[in-house]
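Student:
There are 2 protein chains.
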Amino acid sequence: MPNQPTRKSDRTRARILAAARELFGEHGFDGVSLRDIAGQADADPALLIRYFQSKDRLFAAAAEIDLRLPELTGARPDDVGCILAAHFVETWEDPRTGTGLRVLLRSAPTQKETAERMRAIFAGQVMPAIRAVDRSGASDWKAAIIASQVLGFALTRYILELPAMTHMPGDELARHLGRLIQTILDSERITDADP
Amino acid sequence: MPNQPTRKSDRTRARILAAARELFGEHGFDGVSLRDIAGQADADPALLIRYFQSKDRLFAAAAEIDLRLPELTGARPDDVGCILAAHFVETWEDPRTGTGLRVLLRSAPTQKETAERMRAIFAGQVMPAIRAVDRSGASDWKAAIIASQVLGFALTRYILELPAMTHMPGDELARHLGRLIQTILDSERITDADP
DNA sequence: GTCTATAATTCGATAGAC
DNA sequence: GTCTATCGAATTATAGAC
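Going down the list, the sequences are from chains X and R.
If you use this note's numbering, the first sequence corresponds to residues 1 to 195, in order.
If you use this note's numbering, the second sequence corresponds to residues 1001 to 1195, in order.
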């Protein structure tokens, strides 16, 4: 029965991919060897190459994500910050989506291709979402600052693990972030001096 | 003349350290070999070990920083956000101090010891500075959120280099960040629902 | 004080048996 | 479809000549 829905090779492949996501997310691209992943997946190192051709392509498969940003056009303008913040915390805390995000953010600082992918995600997913809810014409800088806020929260909580951030309950984190995002959305561009 | 103020070995050592800071700051710990640094410093690879014992200790020397946070106790409470933000931008833009910060932030996500050092800097330098200006008793979460804001800005501008962030003039960046920090400092803790 | 030569690992990837 | 054995390259670090 060669074309059954779940062949043994498919299950092995899935185990390898799960192990890769976990280890890449925890130690980054350079900190993990194919042998490490094979050990974690209880598979033979040669199989990783057979199924994924190279370490780079295995990493690319492990770093595949979709932010699934919520539709914001119908929301009350004053709620957008909270909606985005709640979605952010939920996505990062859920292992099914958070692991892939960790893979990306962990390796982006030292992997040029991963950094490029994050810039593409910003341009293709974050900027359009902010543009959709921002009345003013130039909303690019707002999207950039919101992205820096979100990534700052993710970096300190899930990557660097500052105790003051990891100890904070998720809902409290979401409320702080929501208020900050809303502050950016409601602000006008500052062109000259004075707060 | 063996004990002259600047011996040749001292100058070689300084060249090695400068090259290490530059390359570690750009590619991270794992992305740079001792041969790379030796090439950049125009020195022999064996000398790096002779002067710094190991790659780890050379990295530690390159990652040595002091935030030199300004004295805030005398400042007007409403100015603290701007003062901190201006200091942040200045420190990151100046190559003499910014290079070391880049070394730290670039490698912290994949280097456990570097992450530990950042946590120590946060606990030893950032938290005390925020405590000094915060009237309320529990200011630890404020320090954590301010740190996440600052690191988010640094990450997107100097490490990931999102175009929307790198294109922003330094003084505009400082004003945005200053307003956000001030928002954090002026806020009260959120314990239950409602913005 | 500086450099050559190399030891000792470790890695990604391949070839081929089973 | 899975595993054994191994190649070739790159790494940190050392030993010793000059």
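Here a beta-carbon is modelled for each residue, glycine too, at the ideal position from N, C-alpha and C.
By a C-beta neighbour count over all protein chains shown, 10 Å radius and 16 as the cutoff for buried, is residue 1025 (chain R) buried or exposed?
Tutor: Looking at its Cβ environment, which holds 16 or more other Cβ atoms inside 10 Å, residue 1025 (chain R) is buried.
Student: Report the neighbours of residue 1143 (chain R) on chain X: residues whose CB is nearer than 7 angstroms to its CB, in chain order.
Tutor: 164, listed in chain order.
Student: Where do the N-terminal and C-terminal ends of the alpha helix (DSSP H) with residue 1010 (chain R) fall, by residue?
Tutor: Where residue 1010 (chain R) is concerned, the enclosing alpha helix (DSSP H) stretches over 1008 to 1027.
Student: Compare the C-beta of residue 1053 (chain R) with all C-beta atoms of chain X and state if any pair is closer than 7 angstroms.
Tutor: Not one chain X Cβ lies under 7 angstroms of residue 1053 (chain R).
Student: Can you tell which of X:184, X:85, X:82 has its C-alpha closest to the C-alpha of residue 1173 (chain R)?
Tutor: With distances taken between Cα atoms, residue 1173 (chain R) lies closest to X:184.
Student: Using CA atoms only, rank isn't needed, just tell me which of X:166, X:75, X:188 is closest to residue 129 (chain X).
Tutor: The option with the nearest alpha carbon to residue 129 (chain X) is X:75.
Student: The alpha helix (DSSP H) that contains residue 186 (chain X), what's its start and end?
Tutor: Element bounds for residue 186 (chain X): 170 to 186.
Student: Taking C-alpha atoms, which residue in X:143, X:117, X:8, X:188 lies nearest to residue 66 (chain X)?
Tutor: Checked all of X:143, X:117, X:8, X:188; the closest Cα to residue 66 (chain X) is X:117.
Student: When you compare the CB positions of residue 121 (chain X) and residue 146 (chain X), do they come within less than 7 angstroms of one another, or not?
Tutor: Contact flag unset, no.
Student: Taking just the CA atoms, how far does residue 186 (chain X) sit from residue 82 (chain X)?
Tutor: The straight-line gap from Cα to Cα measures roughly 13 angstroms.
Student: Can you tell me whether residue 53 (chain X) is buried or exposed, with buried defined as 16 or more other CB within 10 angstroms of its CB?
Tutor: Answer is exposed; the Cβ neighbour count stays below 16.
Student: Excluding the 5 residues flanking residue 1014 (chain R) on each side, which residues of the same chain have their C-beta closer than 6 angstroms to its C-beta?
Tutor: Hits under 6 angstroms: none found.
Student: Tell me whether the beta-carbon of residue 1088 (chain R) lies closer than 7 angstroms to the beta-carbon of residue 1150 (chain R).
Tutor: Yes, the Cβ-Cβ distance between residue 1088 (chain R) and residue 1150 (chain R) is below 7 angstroms.
Student: Please go through the same chain and pick out, in chain order, the residues whose beta-carbon is closer than 7 angstroms to the beta-carbon of residue 34 (chain X), but skip the five residues on each side of it.
Tutor: Taken in chain order, the residues that qualify are 45, 48, 55.
Student: So, helix, strand or coil for residue 1116 (chain R), using DSSP?
Tutor: Helix at residue 1116 (chain R).
Student: What do you reckon, are the CB atoms on residue 1148 (chain R) and residue 156 (chain X) nearer than 7 angstroms?
Tutor: Yes, the pair counts as a contact, with Cβ atoms nearer than the cut-off.
Student: Short of 6 angstroms in beta carbon distance, which residues of its chain neighbour residue 1178 (chain R), apart from the five on each side in sequence? Order them along the chain.
Tutor: Around residue 1178 (chain R): 1081, 1082, 1085.
Student: Please give the ranges of any alpha helix (DSSP H) in the segment 1084 to 1135 of chain R, keeping only runs that are unbroken, at least 4 residues long and fully inside the region.
Tutor: List check, alpha helix (DSSP H) in window: 1095 to 1107, 1112 to 1121, 1127 to 1133.
Student: Please identify, using Cβ separations under 8 angstroms, the residues of the segment 1131 to 1162 of chain R that lie next to chain X, in order along the chain.
Tutor: Going along the segment 1131 to 1162 of chain R in chain order, one finds 1140, 1141, 1143, 1144, 1145, 1147, 1148, 1149, 1150, 1151, 1152, 1153, 1155, 1156, 1157, 1159, 1160, 1161, 1162 with a Cβ nearer than 8 angstroms to chain X.
Student: Quick check: what's the CA-CA separation for residue 1175 (chain R) versus residue 1072 (chain R)?
Tutor: Roughly 18 angstroms between the two C-alpha positions.
Student: Nearest-angstrom Cα distance between residue 1099 (chain R) and residue 1021 (chain R)?
Tutor: Those two C-alpha atoms are separated by around 6 angstroms.
Student: Classify residue 1137 (chain R): buried if its beta carbon has 16 or more other beta carbons within 10 angstroms, exposed otherwise.
Tutor: So residue 1137 (chain R) ends up on the exposed side.
Student: Which value, in whole angstroms, describes the spacing of the CA atoms of residue 1096 (chain R) and residue 1090 (chain R)?
Tutor: Cα to Cα, the separation comes out at about 11 angstroms.
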